[in-house]
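> Here the working numbering is used: the first residue of the sequence shown is 475, the next is one more, and so on.
The beta-carbon is built from N, C-alpha and C at its ideal position, and this holds for glycine as well.
Note that the structure is a prediction, hence the values are computed from the model and not measured.
Sharing a structure with you now.
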Amino acid sequence: MDIVKNIMIALLFAGIVGVTNAQTVSKQPYIEFTTSKKIGEKVQFFIVADSTEQKNIWIDLNNNGKREKNEGVKVFTTEDTSDSETRVIKSQTFRIYGKVNLLDCSDNQFTNINISHNQTLKNLYCKENQLIDLDVSQNSNLEEIVVSSNKLTSINFSKNKQLKYLDCSENEIKDLDVSKNIELEYLDFSSTQVKNIDLSYNIKLIELNCSYSELASLDVSRNTELDELFCHKSKLTYLDVSKNNKLDILVAQDNELSCIKISQEQLNHLEEKSWWTRYNKNIKLSVNCN
């Protein structure tokens with residue numbers, strides 16, 4: 475009788491522990507991935523997390539919702555090292571659990587990435603995948619997003635008000651709204667189908683790359699902090715950089731431009747701006763483009 479009683483107590487305890495573990499997992503922050511890679515192939519991550527949280531970060535490689543032996547992340551990227559975590563997948567859909575601050579999951583053939591359940595994420599690099607959609611609306615702490623070389627047709631950044639660095643180049647994006655991203659300092663939407671963009675709210679912008687795009691017009695008059703502008707091989711018919719006195723690099727060739735309007739101060743120092751003359755051949759640089 476005592477044996478039966480002990481077994482029942484053990485089973486009850488195991489059930490309680492199981493429920494507790496399941497609840498713990500369900501409450502943990504996570505990022506979910508789906509890849510077109512086959513089971514048995516490798517995926518690679520660069521992960522940054524607070525030292526106090528690293529022990530809680532693990533990869534559910536078989537997607538069973540349970541932390542098992544050897545699923546804890548062993549390698550974290552630091553300021554001094556660029557080491558990566560490489561794992562063999564046991565499921566094409568799997569999760570990384572824990573409070574991740576920075577994630578680089580580039581070039582893993584991911585078809586879907588769900589980051590909405592990890593609010594601590596500040597830096598996301600997921601270039602060279604197969605993404606057709608990415609929801610960043612729940613990640614208000616994001617400061618850097620690199621999602622270049624995917625298959626995105628649109629993406630909404632209106633909730634990412636801390637965003638400073640955005641690279642969505644080499645996608646099929648047609649419309650891009652960055653009016654809510656007033657902290658933005660770097661923007662690259664080159665090799666997209668964007669035809670128009672409002673940059674009037676992005677007064678902190680320092681670097682802009684809109685080359686190889688469908689852009690027909692570009693107003694940078696309010697972007698007085700702009701230091702680098704790459705807008706070559708687009709469809710611009712007019713360009714005025716006379717308000718951009720901090721502009722050091724300007725590449726605007728292979729547009730439909732015959733003249734770029736500059737300020738008198740810029741004209742006076744044109745000999746010092748080798749980038750302007752070298753990469754804007756056959757385009758007149760003048761204070762008067764009428």
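Taking C-alpha atoms, which residue in E644, I505 and E702 lies nearest to I587?
I505
> Please classify L759: does DSSP put it in a helix, a strand, or coil?
strand
> If you run the structure through DSSP and keep just helix, strand and coil, what is K742?
Note that residue 742 is Asn in the sequence shown here, rather than Lys. Reduced to three states, the DSSP call for N742 is helix.
> CA-CA distance, Q612 and E739?
Between the C-alpha atoms of Q612 and E739 there is a straight-line separation of about 45 Å.
> When DSSP labels each residue in this structure, what does Q518 get in the three-state scheme?
Looking at Q518 - three-state DSSP - the assignment turns out to be strand.
> When you compare only the Cα positions, how much space is there between D534 and E688?
The C-alpha of D534 lies about 42 Å from the C-alpha of E688.
> In this structure, how does DSSP classify N754 when only helix, strand and coil are distinguished?
Reduced to three states, the DSSP call for N754 is coil.
> Mapping DSSP to helix, strand and coil, what is K669?
coil
> Which residue's Cα is closest to the Cα of V562: L598, D609, V547 and K654?
V547
> Rounded to whole angstroms, what is the Cα-Cα separation between Q497 and L637?
Per-residue confidence for Q497 stands at a pLDDT of 36, beneath the threshold of 50, marking its modelled position as unreliable; the derived number appears in the next sentence. Looking at the two C-alpha atoms, the distance is approximately 33 Å.
> Distance, Cα to Cα, S643 vs Q667?
10 Å
> Please list the terminal residues of the continuous beta strand (DSSP E) segment that includes Y712.
Note, Y712: premise wrong, no beta strand (DSSP E); not H, not E.
> Figure out for me which residue from L731, Y712, I570 and A690 has the closest Cα to the Cα of N538.
I570
> What does DSSP give as the partner residue(s) for N586 in the beta ladder?
T508
> Compare the beta carbon distance of F584 and T509 with 8 Å and say whether it is the shorter of the two.
yes
> Determine whether the beta carbon atoms of E702 and E730 lie at a separation below 8 Å.
no
> Going by DSSP, name the residue or residues bridged to W532.
G546 and Y571, per the DSSP bridge assignment.
> Please state whether DSSP places K501 in a helix, a strand or coil.
helix
> Measure the Cβ-Cβ separation of V694 and V715 and say whether it is below 8 Å.
yes
> To the nearest whole angstrom, what separates the beta carbons of T698 and K720, a pair I think is in contact under 8 Å?
7 Å
> Do you know how far the Cα of L713 is from the Cα of E646?
24 Å
> Taking only runs of the beta strand (DSSP E) that begin and end inside the region 574–641, which ones reach a length of at least 3 residues, in chain order?
Complete beta strand (DSSP E) runs here, min 3: 576–578, 584–588, 597–599, 618–620 and 639–641.
> In whole angstroms, give me the CA-to-CA distance for F568 and F519.
13 Å
> CB-CB under 6 Å to Y599, same chain, minus the five flanking residues each way: which ones, in chain order?
Same-chain partners within the cutoff: D578, S580 and V620.
> Nearest to D607 by CA position, among N592, S590 and L626, is which residue?
L626
> With a cut-off of 8 Å on the beta carbons, I'd call P503 and K573 a contact; round off their distance for me.
5 Å
> Could you give the residue range of the beta strand (DSSP E) that holds L682?
E681 to N683
> Taking DSSP's pairing of strands, which residues face D662 in a bridge?
D641 and N683
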